[in-house]
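A.B. asks:
Numbering (our numbering), first residue to last: 106 to 239.
(1) Check residue 113 in the structure and name its three-state DSSP category.
(2) What is the residue span of the beta strand (DSSP E) that residue 141 lies within?
(3) Look up residue 176 in the DSSP assignment and say whether it is helix, strand or coil.
(4) Between which two residues does the alpha helix (DSSP H) harbouring residue 152 extend?
(5) Is it true that the CB of residue 113 sits closer than 8 Å to the CB of residue 140?
(6) Per DSSP, residue 167 forms a beta bridge with which residues?
(7) Residues in its own chain within less than 6 Å of residue 164 by CB, not counting five upstream and five downstream?
(8) Using C-beta distances below 6 Å, list every residue in its chain close to residue 145, excluding the 5 sequence neighbours before and after it, in chain order.
(9) Which term fits residue 205, buried or exposed, when burial requires 16 or more other beta carbons within 10 angstroms of its beta carbon?
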């Protein structure tokens, strides 16, 4: 695997809204630090062993190079710092973690609604250059 793809971004592969969001994040990731991984894949299950299986699909997750798993709103500051222009939003996420998490949980709870109004992607997320497949 390419060393640039050092953070795994885990998403629900059955959620069109989730895939739309991942596509947008990957477009912003000019340095290719993020490696998209479907939660349902073998790699996704392996990376999330510390998360109880019934909870894995409740949020997106970011796995750092050291193996730390950040879920939902808790992933927002680290994810923002990996993207161009993300330092200021990351500081806001750090300063108001409860608001960040509440906002994330609201979006996650309503993701099927967003999908119904057309905010979704049916196409699979393609691996990044240098990313090994399961």
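A virtual CB, placed ideally from N, CA and C, is assigned to each residue, including glycine. Everything numeric in this text was worked out from a predicted model, so none of it was measured.
C.D. replies: On the basis of the supplied data:
(1) strand
(2) 139 to 143
(3) strand
(4) 147 to 152
(5) yes
(6) 114, 175
(7) 176, 177, 213
(8) 118
(9) buried
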